[in-house]
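Notes follow the structure.
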């Protein structure tokens, strides 16, 4: 059974006044009396706790910079908790920024294997999904061309097809896929919804409130890194909008 | 700590296919779209060593063939060590995009560099070895020791690479420092000369240089046709183990924090 437990999760980002971290800065700070004054901590996620059960379709709403994406990245293990913990059961497919790890010099086919391996797929799985990914992305004629020659749409199609090729237990979405022409979008939406239907847990961040209400059975509202409200989609969305 | 080390290797094992893809990516990219392709692994050290052999043998007034064999024994380990160190130091910052978008055990980046370069080094070693044999190298039982030499050198270089990969995230200056330090270290390592040839303060530095015994580890079988001295073997084994342990210690203590500094 897949599940997610977020317990007292806090993610701190050190904020540097000077972005260039250099040795000079370090040595000069040694001589400063108060070394902790070197940077302030920014609490992107501030002591959040919630649980997600099998069957849940959880939506996360909040303003830009509220900490929604940081929270998603913590669930995907990209950011380690500064305090608290995240316990997950089940395979996770993060669709945060698809196409991470594509190498421009490599062909589409080589990138299926390279990026697939980074996403945690096995060689056997990749061999099996390769023809389907190529067919879905409609790149049969260009699959052996280096991806640096691809158009943005071609690139997005390949990345989308690959990252949605295997059904995960837990699906994590940062905004619903948006790219490609109308025909591909329709096809992509269909594939996305079938993935959502088959996943045990779905967590989605979106600013599309009608989508939230149609897709989710539960919504949480985050502001300044804190959990403000948690409940039925209609209720939370209307409170959020009237706030 | 030991559970952390165990976990480090377990995670790498789980991502072994990604590791092999990254190693493969390195090997392919270096030579893709070059007319001679992988042949460059052989050609570039060969040309490099030929130039050095000609220049330094006439400078030192020594026999070209003897010097070439001597130089080969020193350059093989040095080239591997210095490339691993230089490339590892930028291995994490070069993969920032990936590290911030998807979970992947971070040790995979310095490890893939140490492994990719090891494959390169073994290929160029084998190819150059036949040329050296023709010039006057020795074929002896001592050569059987070379796998151990490569293993010890790999561990040492990987350990230093782990430390520098982390250090460079925190202080980008290390990219520049590494380049300069390697250049200085080249002259403090007995590659062009016999150890013991330099005395005084500089000689002390040469004998304190941790890379020095690794040169002997290769030179004994290749040039003298013998097994390396037991002291050298003990010394390098100790340095390799300590370096890898320190490297892992530093890497593991920062592995989960450095993403906030990228």
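Chains as they are written, first to last, in my numbering: chain A, 7 to 249; chain B, 50 to 311. C-beta atoms are modelled at their ideal positions from N, C-alpha and C, and glycine is treated no differently. Quantities reported herein were computed from a predicted structural model and do not represent experimental measurements.
Residues that DSSP places opposite residue i in a beta bridge
i: residue 18(A); result: 49(A)
i: residue 95(A); result: 9(A)
i: residue 208(A); result: 63(A), 177(A)
i: residue 165(B); result: DSSP output for residue 165(B) lists no bridge partner at all.
i: residue 100(A); result: 178(A)
i: residue 233(A); result: 228(A)
i: residue 56(A); result: 12(A)
i: residue 89(A); result: 16(A)
i: residue 113(A); result: 152(A)
Pair within 9 Å by beta-carbon distance, residue i and residue j
i: residue 263(B); j: residue 201(B); result: yes
i: residue 108(A); j: residue 95(A); result: no
i: residue 253(B); j: residue 173(B); result: no
i: residue 175(A); j: residue 206(A); result: yes
i: residue 136(B); j: residue 210(B); result: yes
i: residue 139(B); j: residue 214(B); result: yes
i: residue 93(A); j: residue 228(A); result: no
i: residue 119(B); j: residue 272(B); result: yes
i: residue 149(A); j: residue 113(A); result: yes
i: residue 267(B); j: residue 86(B); result: no
i: residue 80(A); j: residue 231(A); result: no
i: residue 208(A); j: residue 221(A); result: yes
i: residue 89(B); j: residue 79(B); result: yes
i: residue 102(A); j: residue 223(A); result: no
i: residue 157(B); j: residue 64(B); result: yes
i: residue 241(B); j: residue 59(B); result: no
i: residue 288(B); j: residue 212(B); result: no
i: residue 227(B); j: residue 170(B); result: no
i: residue 218(B); j: residue 130(B); result: no
Cut-off 7 Å between Cβ atoms - residues of its own chain near residue i, not counting five sequence neighbours on either side
i: residue 203(A); result: none
i: residue 219(A); result: 239, 240, 243
i: residue 281(B); result: 262, 265, 266
i: residue 139(A); result: 118, 167, 168, 171
i: residue 62(A); result: 207, 223, 224
i: residue 224(B); result: 138, 139, 217
Proximal residues to residue i (C-beta, below 8 Å), its chain only, five neighbours per side dropped
i: residue 55(A); result: 12, 13, 14, 15, 90, 233
i: residue 149(B); result: 308, 311
i: residue 72(B); result: 161, 164, 165, 168
i: residue 188(B); result: 182, 274
i: residue 269(B); result: 191, 194, 275, 276, 277, 278, 281
i: residue 54(B); result: 297, 301
i: residue 258(B); result: 234, 237, 238
i: residue 69(A); result: 229
i: residue 144(B); result: 158
Option nearest residue i by Cα separation, candidates the options
i: residue 172(A); options: 72(A), 98(A), 29(A); result: 98(A)
i: residue 265(B); options: 257(B), 256(B), 277(B); result: 277(B)
i: residue 154(A); options: 192(A), 105(A), 191(A); result: 105(A)
i: residue 119(A); options: 167(A), 100(A), 75(A); result: 167(A)
i: residue 93(B); options: 50(B), 125(B), 251(B), 135(B); result: 125(B)
i: residue 98(B); options: 229(B), 157(B), 114(B), 61(B); result: 114(B)
i: residue 143(A); options: 130(A), 129(A), 131(A), 158(A); result: 158(A)
i: residue 154(B); options: 115(A), 126(A), 140(A); result: 126(A)
i: residue 17(A); options: 50(A), 165(A), 8(A); result: 50(A)
i: residue 100(A); options: 225(A), 178(A), 123(A), 244(A); result: 178(A)
i: residue 241(A); options: 226(A), 74(A), 29(A); result: 226(A)
i: residue 123(A); options: 187(B), 67(B), 212(B); result: 67(B)
i: residue 184(B); options: 222(B), 74(B), 112(B); result: 112(B)
i: residue 133(B); options: 64(B), 220(B), 204(B); result: 204(B)
i: residue 151(B); options: 116(A), 187(A), 82(A); result: 82(A)
i: residue 180(A); options: 33(A), 198(A), 163(A), 212(A); result: 212(A)
i: residue 145(A); options: 7(A), 19(A), 30(A), 165(A); result: 165(A)
Residue i: contacting residues in chain D (beta-carbon distance under 8 Å)
i: residue 146(B); result: This model lacks chain D altogether; the protein chains it does include are A and B.
Own chain residues within Cβ distance below 6 Å of residue i, not counting five before or after
i: residue 111(A); result: 152
i: residue 208(B); result: 292, 293, 296
i: residue 246(A); result: 67, 227
i: residue 19(A); result: 48, 50
Any non-hydrogen atom of the ligand SAH closer than 8 Å to residue i Cβ
i: residue 133(A); result: Absence of the ligand SAH from the depicted structure is noted, as is the absence of any ligand whatsoever, leaving it without description.
(Q) If the cut-off is 9 Å on Cβ atoms, which residues from the stretch 67 to 83 of chain B count as contacting chain A, listed in chain order? (A) Result list: 67, 68, 69, 70, 71, 73, 74, 77, 78, 81, 82.
**Q.** Members of the stretch 97 to 108 of chain A near chain B, C-beta cut-off 9 Å
**A.** 98, 100, 102, 103, 104, 105, 106, 107
**Q.** Under 7 Å (Cβ pairs) to chain A, residues found in the stretch 152 to 167 of chain B
**A.** 152, 153
Q | Proximal residues, the stretch 68 to 83 of chain A versus chain B, C-beta separation under 7 Å | A | 82, 83
Q | the stretch 152 to 165 of chain A: positions lying closer than 8 Å to chain B by Cβ | A | none
Q. Taking a cut of 9 Å between CB atoms, which residues from the stretch 214 to 237 of chain B lie near chain A?
A. Within the stretch 214 to 237 of chain B, the residues whose Cβ lies closer than 9 Å to any Cβ of chain A are, in chain order, 218, 219, 220, 221, 222, 223, 226.
Q. If you measure beta-carbon to beta-carbon, which residues of the stretch 106 to 124 of chain B are closer than 8 Å to chain A?
A. none
Q: Scan the stretch 296 to 310 of chain B for residues whose Cβ lies nearer than 8 Å to a Cβ of chain A and list them as they occur along the chain.
A: 305, 306, 308, 309, 310
Q. For the stretch 124 to 145 of chain A, which residues have a beta carbon sitting closer than 9 Å to at least one beta carbon of chain B?
A. 124, 125, 126, 127, 128, 129, 132
Q: Check distances from the C-beta atoms of the stretch 168 to 192 of chain A to those of chain B and list, in chain order, the residues that come in under 7 Å.
A: none
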